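*Asks:* To start, I am sharing the structure in question, which I have written as structure tokens.
Number of protein chains: 2
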Amino acid sequence: MTSSELFSEERSAEVVVASLANTPDPRLRTVLSSLVRHLHDFVKDVELTEAEWDAAIAFLTATGQKCDALRQEFVLLSDVLGVSMLVETINHRSGGATESTVLGPFHLVDSPPRELGEQISLDGKGEPCLVTGRVIGPDGEAIGGASVDVWQANEDGFYDVQRPETIPASNLRGLFTAAADGTFWFRTVLPRYYPIPTDGPVGDLLRATGRHPYRPAHIHFIVQAAGYAPVTTHLFVADSPYLESDAVFGVKPTLVRDFPTVDDPARAAAVDLPNPFRTVDFEVSLKKA
Amino acid sequence: MTSSELFSEERSAEVVVASLANTPDPRLRTVLSSLVRHLHDFVKDVELTEAEWDAAIAFLTATGQKCDALRQEFVLLSDVLGVSMLVETINHRSGGATESTVLGPFHLVDSPPRELGEQISLDGKGEPCLVTGRVIGPDGEAIGGASVDVWQANEDGFYDVQRPETIPASNLRGLFTAAADGTFWFRTVLPRYYPIPTDGPVGDLLRATGRHPYRPAHIHFIVQAAGYAPVTTHLFVADSPYLESDAVFGVKPTLVRDFPTVDDPARAAAVDLPNPFRTVDFEVSLKKA
């Protein structure tokens, strides 16, 4: 036995990484080795105390035990530490196309198919809004037939699945197919900002760090078409509270839009909305697959 | 709003750290800010995929859900990643005194007080062993009356609390008081190496990385005296398997001892042990409090 094989403060990460030498999967070895190095660097940088280590163990344990079929507290923790957004961003570099952001927990696998122009607000509550857009490729070519999956919170900040007793199923959801020229449009209401769940360890963390739990108002989109890379993204409402402090760091500058008010009874009648109404236009640019 | 306030791959950690600016406790802010920087660096270094992130979330969740009143899987995870040992080492730099190592899960708050020389093996099973030692201070001064708390596994690798139905309570435990000249001694058996629990996510991790779950044979000590800093440590048996690959990285070169065999009927009779028997001597050096 030589001392170089054994643990010391200086060589701690090196010794642990050496123990991973027989990992059969080379990628797993790479990922775990990097994790160990960064984790040990963190402990050394802050000289973590034993009481802090105890608190960290208790926090991680409580986070795991808060998880059940309907609640994923570790995803929430990843979200509020910006890790979810970072993983999303690294894995979907836009290359000049529309930027991505987090999927979030409220997407349904089967959104209700709707005709272009349909109203997705089933209860009619909220400030009326007309969403128009176009799906294009890298050379500006129209992507006719692209699928445009949309979902959003209502004017109280809730998705249908959060309040099944008071909000109609499929409220503010729609799966649209772009026209031959790539355009799409639908009628909806302006979404509201809303809080992430705060009744678990992640809520404790937000309170301990003086952070609020809110996400600024946004409409979710997944846009996809054969031959192109799909994009999962949001449109953010430029005058929403919390736009500069999204609890999960989902806001990218290119995804923020003004939703100007149109006060024009003739145009309102033409799109079958009350006057006045809000509007937004979203040109979605996909890169090649 | 300026783009500098919003998330990008390049500025991800900076943006999240900025969100911690209002943390009331400055130490919490420091620790979390460092954690965020190292965590984001890790994700970027390996370009963590979405599937790997999913696997990490599932692993952490399962680790939390494995914990109960008798099992702490996050501590075990910290142990096998060398984090427990690092925290222990950073918080107890020896400064030339006897080095520390991990406490482990098998210490009892109330060890049974015993007279110097007592036999701590209550079932008499195992290779007989005489432990002698002395507690001294930084200038070599004897620390009479020092408390020497001892516990160890038996020849099957089990602590009493792990097999209450077959091992007598307090087997291989003792709380001794050093003599006026700082010396202590007791009779015991040679401990055996043993595995950490492998029926949870940490066991899966060890298998996936080709690592065994064993700890080399050792005797635990906590030595303390008024006016000196206490030390929590082990004596490792130099000819034990796994000495160079302790699953929790607890081995330090200064804590390894030969346990030579004495074949001398007269000496065996004098210490009331069968002949032959193993021996070890442990000079414990405490630093000032």
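Protein sequence lines, in the order shown, are assigned to chains A and B. Sequential numbering of the first sequence, starting at 1, is according to my numbering. Sequential numbering of the second sequence, starting at 1001, is according to my numbering. Here a beta-carbon is modelled for each residue, glycine too, at the ideal position from N, C-alpha and C. Please read all numbers here as calculations on a predicted model, not as lab measurements.
Would you tell me roughly how many angstroms separate the C-alpha atoms of A:L77 and A:R207, rounded to the nearest one?
*Replies:* 13 Å
*Asks:* For B:A1178, which three-state DSSP category applies?
*Replies:* coil
*Asks:* If you reduce the DSSP assignment to three classes, tell me which class A:E283 lands in.
*Replies:* Residue state, collapsed to three classes: strand.
*Asks:* Alpha carbon to alpha carbon, what distance is there between B:L1243 and B:V1102?
*Replies:* 15 Å
*Asks:* When you compare the CB of B:P1026 with every CB in chain A, is at least one pair closer than 7 Å?
*Replies:* Chain A, which has no Cβ nearer than 7 Å to the Cβ of B:P1026, makes this no.
*Asks:* For A:A56, name the three-state secondary structure that DSSP assigns.
*Replies:* It is helical.
*Asks:* By DSSP, does B:K1252 sit in helix, in strand, or in coil?
*Replies:* coil
*Asks:* What does DSSP give as the partner residue(s) for B:I1136 in the beta ladder?
*Replies:* B:A1142, B:S1285
*Asks:* I'd like the span of the alpha helix (DSSP H) that includes B:T1030, first residue to last.
*Replies:* 1026–1046
*Asks:* Does the distance from the C-beta atom of A:K287 to that of A:A97 stay below 7 Å?
*Replies:* One thing to note: A:K287 has its Cβ within 7 Å of the Cβ of A:A97.
*Asks:* Let me confirm a value: B:D1079 is counted as buried when at least 16 other C-beta atoms fall within 10 Å, else exposed. Which label applies?
*Replies:* buried
*Asks:* Is it the case that the Cβ atoms of B:I1219 and B:L1235 are separated by a distance below 7 Å?
*Replies:* yes
*Asks:* Would you identify the three-state DSSP class for A:P128, choosing helix, strand or coil?
*Replies:* strand
*Asks:* Since B:R1215 and B:A1247 should fall inside the 8 Å C-beta cutoff, what is the C-beta to C-beta distance between them, to a whole number of angstroms?
*Replies:* 6 Å
*Asks:* With DSSP run on the structure shown, which of helix, strand or coil describes B:L1205?
*Replies:* helix
*Asks:* What first and last residue would you give for the beta strand (DSSP E) that runs through B:D1199?
*Replies:* Looking at the DSSP string, B:D1199 is not in any beta strand (DSSP E), and its letter there is neither H nor E.
*Asks:* Quick one: residues in its chain with C-beta nearer than 7 Å to the C-beta of A:G82, no 5 flanking neighbours on either side, listed in chain order?
*Replies:* If we look at A:G82 and ignore the five residues flanking it on each side, its Cβ neighbours are F249.
*Asks:* Tell me the rounded alpha-carbon separation between A:A225 and A:S285.
*Replies:* 11 Å
*Asks:* Can you tell me which of A:L86, A:F7, A:Q72, A:R27 puts its alpha carbon nearest to the alpha carbon of B:R1037?
*Replies:* The residue from A:L86, A:F7, A:Q72, A:R27 with its alpha-carbon nearest to that of B:R1037 is A:L86.
*Asks:* Can you grab the Cα-Cα spacing for the pair A:K66 / A:T233, in whole Å?
*Replies:* 28 Å
*Asks:* A:G200 CB to nearest chain B CB: under 7 Å?
*Replies:* no
*Asks:* Out of A:E52, A:G104, A:D149, A:H212, which one is the CA nearest neighbour of A:V135?
*Replies:* A:D149
*Asks:* Excluding sequence positions up to five away, which residues of its chain have a Cβ less than 8 Å from the Cβ of B:D1041?
*Replies:* Cβ neighbours of B:D1041 beyond the five flanking positions: A1013.
*Asks:* Measuring alpha carbon to alpha carbon, tell me which of A:D123, A:V280, A:A269, A:V251 ends up nearest A:E88.
*Replies:* A:V251
*Asks:* So B:D1110 and B:N1171 are supposed to be a Cβ contact under 8 Å. How far apart are they, rounded?
*Replies:* That pair is no contact at about 15 Å.
*Asks:* If distances are taken between C-alpha atoms only, which option among A:S240, A:R187, A:N91 comes closest to A:A270?
*Replies:* A:R187
*Asks:* Looking only at its own chain, which residues have a Cβ that is under 7 Å from the Cβ of B:M1001, when we skip the five neighbours before and after it?
*Replies:* Note that B:M1001 scores 45 on pLDDT, short of 50, meaning its location in the model is unreliable; the coordinates nonetheless yield the value given after this. Correct list: empty, nothing qualifies.
*Asks:* In chain order, what residues of the segment 1034–1050 of chain B put their CB closer than 9 Å to some CB of chain A?
*Replies:* So the list reads S1034, L1035, V1036, R1037, H1038, L1039, H1040, D1041, F1042, V1043, K1044, D1045, V1046, E1047, L1048, T1049, E1050, given in the order they occur along the chain.
*Asks:* Does any residue of chain B bring its CB to less than 7 Å from the CB of A:F249?
*Replies:* yes
*Asks:* Below 8 Å CB to CB, which residues in the same chain sit around A:L6 once its five sequence neighbours on both sides are set aside?
*Replies:* V15
*Asks:* In this structure, does DSSP put B:P1265 in helix, strand or coil?
*Replies:* helix
*Asks:* Rounded to whole angstroms, what is the Cα-Cα separation between A:G133 and B:E1009?
*Replies:* 27 Å
*Asks:* Hey, is B:S1240's beta-carbon within less than 7 Å of any beta-carbon in chain A?
*Replies:* no
*Asks:* Please tell me whether A:L81 has its Cβ less than 7 Å away from any Cβ of chain B.
*Replies:* yes
*Asks:* Do we get a CB-CB distance below 7 Å when we pair B:Q1299 with the residues of chain A?
*Replies:* Any property of residue 1299 of chain B remains undetermined from this structure, which presents chain B solely from 1001 to 1289.
*Asks:* Rounded C-beta distance between A:L290 and A:G126? I'm assuming under 8 Å.
*Replies:* Not covered by the structure: residue 290 of chain A. The range shown for chain A is 1 to 289.
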